[in-house]
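In UniProt numbering, the protein residues as written are 1 to 130.
Shown next as structure tokens:
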């Protein structure tokens, strides 16, 4: 949503975004390791029912390839303390919220686990368990 006033465009959505806290690098690396491990384990459980899944993992990244669908790529930016999720359909940017202890979308504050579970549930046999 935007408003046009005196030849200036003000983007309303940017004005309403909450301030994102910047956590320490040590905490970020710990949280990244934990969430990537959780996601990998969830997809491994789903592999019992879905034979199209292939997983490749690294210290700071995870790639889940789903045959005939595409890849779910989790990559990190340590400097900016961000987790990027590229799905076959979109690209999302998440930050770790210390208060809720959840990974939140930078734009709309939605929970990454909930979004990922909903998104994969549409195309795979079963749901991710966390």
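From the three backbone atoms N, C-alpha and C, an ideal C-beta is built for every residue, glycine too.
Inset, instruction - Say whether the stretch 88-96 touches the stretch 49-62, bearing in mind that this needs 3 or more beta-carbon pairs closer than 8 Å, one atom from each stretch. - result: no
Legend entry - At least three beta-carbon pairs within less than 8 Å, the stretch 60-78 to the stretch 96-104: No, the stretch 60-78 does not touch the stretch 96-104.
Inset, instruction - Kindly indicate which residue of 33, 88, 42 has the alpha-carbon position closest to the one of residue 70. - result: Ranking 33, 88, 42 by Cα distance to residue 70 puts 88 first.
Legend entry - Between the CA atoms of residue 117 and residue 129 - distance to the nearest angstrom: Answer to the nearest angstrom: the Cα atoms are 8 Å apart.
Legend entry - Whether residue 46 touches residue 35 by CB criterion (9 Å): no
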